[in-house]
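Encoded as structure tokens, the structure appears first; notes follow it.
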Amino acid sequence: MARRYIRLVTDVPGPRSRAALFRKERYVAGPLSPLAPFCAARAEGVVVEDLDGNRFLDFSGGWGVMNVGHNHPRVVAAVRDQAELCLHTDFTAVPYEPYVALAERLAGLAPGPAPKKCAFFNSGAEAVENAVKIARVATGRKAVLVFDNAFHGRTLLTMTMTHKAIPYKAGFGPYASDVYRLPYPYPYRYPVPLAAIERRMLSLVDPREAACLVVEPVIGEGGFIVPPPEFLPFLRELADRHGFLLVADEVQCGVGRTGRFFACEHYDVEPDLICVAKSIAGGLPLSAVIGKATVMDAPLPGSIGSTYGGNPVACAAALAVLDVIEEEGLLERARRIGEVLLRELRALERTYPVIGDVRGLGAMVGMELVCDRRSREPDPDTTRRVQVEALKRGVILPTAGIYGNVVRFLVPLTIPEDALLEGLSVLGEAFAQAAKSGG
Ligand SMILES: Cc1ncc(COP(=O)(O)O)c(C=O)c1O
680 MARRYIRLVT
690 DVPGPRSRAA
700 LFRKERYVAG
710 PLSPLAPFCA
720 ARAEGVVVED
730 LDGNRFLDFS
740 GGWGVMNVGH
750 NHPRVVAAVR
760 DQAELCLHTD
770 FTAVPYEPYV
780 ALAERLAGLA
790 PGPAPKKCAF
800 FNSGAEAVEN
810 AVKIARVATG
820 RKAVLVFDNA
830 FHGRTLLTMT
840 MTHKAIPYKA
850 GFGPYASDVY
860 RLPYPYPYRY
870 PVPLAAIERR
880 MLSLVDPREA
890 ACLVVEPVIG
900 EGGFIVPPPE
910 FLPFLRELAD
920 RHGFLLVADE
930 VQCGVGRTGR
940 FFACEHYDVE
950 PDLICVAKSI
960 AGGLPLSAVI
970 GKATVMDAPL
980 PGSIGSTYGG
990 NPVACAAALA
1000 VLDVIEEEGL
1010 LERARRIGEV
1020 LLRELRALER
1030 TYPVIGDVRG
1040 LGAMVGMELV
1050 CDRRSREPDP
1060 DTTRRVQVEA
1070 LKRGVILPTA
1080 GIYGNVVRFL
1090 VPLTIPEDAL
1100 LEGLSVLGEA
1110 FAQAAKSGG
């Protein structure tokens, strides 16, 4: 009999999860509103087990953090070994070797001929914020160019750079200054001619004042949007022509998700700076800015850093992640997962008219739900119903998009094919149920 990964032994949430979540309501701040109505007790590979022993397929990968899967034994061993040696010194107090080794590995992986250097931080937002700081010093300019549908984080600057207002900006103004938004080509909704991007830029800001243009090579939180192949090369040329830096925010699309280590490699583009986070350390907080050495060296000594940034345990975990990606052929796996996802989701698309678009690059695959295919009006209600029905049946399914009408897949690249197919068959059931219960 085929192996089943999902195992539901109680109602969801079960009694233990319910008790923990009851305390959460009392003590955890309201804005922290999880997707899953249960508490994780343990996790392995693509499976998360809750406090009551129910097992779920986690297609969210902790929001894109689990490219090597939950608790990969190599990562756990590296963490354990490093924890026994040294938990923390702060690299700017007493440097340590795993930081340097990781910088060397990432600098070697970054595309393009220019020599690269790295700096490490804790979160994606911190990496993006520091990339902007570095770009400002390196160019002596202030303005920051960003895109529609972008998500760059939740600090004051990165929240300003983020597009989706609700919930990410709601009530949090005033925002940072000197951030200008350009149209991002969205093939399903509004294909943007490249000339229109430059025209918008010229209408917003003197490009001689622009320090950098920050772009997600594939949009994540904003809806899993894959731009046309000429987009990134055009931005490289635009940046060179106007003398500002090109910053690739690969926090979600990097670290193998799209079938290349960096998504920008698909487009043969060498950014000046690349930000990675999420999957880089297999579940530990770590982010990096990887960039041309001349740019990375521009700020004054001591001006860049963070107490925990590049913590030794997180660096050791990241080195293990890089080994796993190489040794287990995860870039190739990402491409294969992408093929299976596209094939199966396109089969669903033929049955359910609510699916307006299925798209992706490698294993970064999403599908967009619409009220009808002609108007393409976003359908967040059905998207939510599908998500809830999938959860009831044991699949944790994340969504995305300005309207919350995109189902996105962030499955571990280590996922066995039978687990992927099991999850997709649950998704089919969720669609059938959502279609029945729809208004
Ligand atoms: C593209 C991108 N940039 C930056 C961030 C912010 O990362 P963090 O939540 O680690 O600050 C995210 C998080 O989802 C992201 O997807």
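Note that our numbering has the sequence shown beginning at 680, numbered continuously upward. Glycine included, each C-beta is placed from N, C-alpha and C at the ideal position.
Where residue i falls, given that 16 or more other Cβ within 10 Å makes a residue buried
{"i": "P969", "result": "Just to set this straight, residue 969 is Ile in the shown sequence, not Pro. The residue in question, I969, is buried, as its Cβ has 16 or more Cβ neighbours within 10 Å."}
{"i": "S1104", "result": "exposed"}
{"i": "D928", "result": "buried"}
{"i": "V744", "result": "buried"}
{"i": "G938", "result": "buried"}
{"i": "E1101", "result": "buried"}
{"i": "Y1153", "result": "Residue 1153 is absent from the model: the chain starts at 680 and stops at 1118."}
{"i": "L1099", "result": "buried"}
{"i": "H660", "result": "Limits of the chain in this structure are 680 at one end and 1118 at the other, which puts residue 660 out of reach."}
{"i": "P866", "result": "exposed"}
{"i": "P907", "result": "exposed"}
{"i": "V707", "result": "exposed"}
{"i": "I1115", "result": "For the record, residue 1115 in the displayed sequence is Lys; it is not Ile. Label assigned to K1115: exposed."}
{"i": "T1126", "result": "Since the first and last residues shown for the chain are 680 and 1118, residue 1126 lies out of range."}
{"i": "T839", "result": "buried"}
{"i": "Y869", "result": "exposed"}
{"i": "L766", "result": "exposed"}
{"i": "I972", "result": "Just to set this straight, residue 972 is Ala in the shown sequence, not Ile. So A972 ends up on the exposed side."}
{"i": "S966", "result": "buried"}
{"i": "A681", "result": "exposed"}
{"i": "G981", "result": "exposed"}
Beta-carbon gap between residue i and residue j smaller than 7 angstroms
{"i": "C954", "j": "V930", "result": "yes"}
{"i": "L911", "j": "V948", "result": "yes"}
{"i": "N801", "j": "P991", "result": "no"}
{"i": "V629", "j": "R1025", "result": "Past the edges of the chain, shown from 680 to 1118, lies residue 629, and the structure says nothing about it."}
{"i": "V754", "j": "L736", "result": "no"}
{"i": "L824", "j": "L861", "result": "yes"}
{"i": "E776", "j": "N750", "result": "no"}
{"i": "F913", "j": "A889", "result": "no"}
{"i": "A789", "j": "A977", "result": "no"}
{"i": "I876", "j": "N828", "result": "no"}
{"i": "A855", "j": "L883", "result": "no"}
{"i": "L785", "j": "C994", "result": "no"}
{"i": "R1055", "j": "G1073", "result": "no"}
{"i": "N733", "j": "V688", "result": "yes"}
{"i": "F738", "j": "I1075", "result": "yes"}
{"i": "A1079", "j": "G803", "result": "no"}
{"i": "A810", "j": "L1010", "result": "no"}
{"i": "D1058", "j": "V1033", "result": "yes"}
{"i": "P752", "j": "F717", "result": "no"}
{"i": "A806", "j": "A956", "result": "yes"}
{"i": "V1065", "j": "A1109", "result": "yes"}
{"i": "A1069", "j": "L1106", "result": "yes"}
Straight-line gap, residue i to residue j (C-alpha atoms, nearest Å)
{"i": "R697", "j": "G740", "result": "23 angstroms"}
{"i": "A849", "j": "E763", "result": "43 angstroms"}
{"i": "D1097", "j": "V1067", "result": "22 angstroms"}
{"i": "F799", "j": "L998", "result": "13 angstroms"}
{"i": "L1161", "j": "D885", "result": "A query on residue 1161 cannot be resolved here, the shown segment of the chain reaching from 680 to 1118 and no further."}
{"i": "H831", "j": "R1014", "result": "25 angstroms"}
{"i": "L979", "j": "K821", "result": "17 angstroms"}
{"i": "I904", "j": "R878", "result": "22 angstroms"}
{"i": "R1053", "j": "R815", "result": "45 angstroms"}
{"i": "T1062", "j": "C932", "result": "22 angstroms"}
{"i": "A772", "j": "V1019", "result": "48 angstroms"}
{"i": "E900", "j": "L1089", "result": "11 angstroms"}
{"i": "E895", "j": "V858", "result": "16 angstroms"}
{"i": "E728", "j": "R759", "result": "22 angstroms"}
{"i": "D1002", "j": "E1047", "result": "34 angstroms"}
{"i": "W742", "j": "P713", "result": "11 angstroms"}
{"i": "T1030", "j": "F941", "result": "34 angstroms"}
{"i": "P710", "j": "G852", "result": "17 angstroms"}
{"i": "T837", "j": "A996", "result": "26 angstroms"}
{"i": "D919", "j": "L925", "result": "9 angstroms"}
{"i": "G1166", "j": "E704", "result": "Since the displayed the chain opens at 680 and closes at 1118, residue 1166 lies outside it and no answer follows."}
{"i": "P794", "j": "M975", "result": "10 angstroms"}
{"i": "L881", "j": "F826", "result": "14 angstroms"}
{"i": "C1050", "j": "A715", "result": "26 angstroms"}
{"i": "V871", "j": "E909", "result": "12 angstroms"}
{"i": "R915", "j": "E808", "result": "20 angstroms"}
{"i": "A960", "j": "I1004", "result": "12 angstroms"}
{"i": "I685", "j": "I1094", "result": "13 angstroms"}
Please give me, in chain order, every unbroken run of the beta strand (DSSP E) with length at least 3 that falls completely inside the segment 1078-1113.
The qualifying runs are 1085-1088.
List in chain order: all unbroken alpha helix (DSSP H) runs of 4+ residues lying wholly within the segment 913-978.
Uninterrupted alpha helix (DSSP H) stretches at least 4 residues long and entirely within the segment 913-978 occur at 972-975, given in chain order.
Let me know the alpha helix (DSSP H) ranges lying completely inside the segment 855-884, each 4 residues or longer, listed in chain order.
DSSP runs (the alpha helix (DSSP H)) wholly in the segment 855-884: 873-883.
In chain order, each alpha helix (DSSP H) run of at least 4 residues that lies wholly inside the segment 740-804
Those alpha helix (DSSP H) runs which fall completely within the segment 740-804 and span 4+ residues are 740-743, 752-764 and 776-788.
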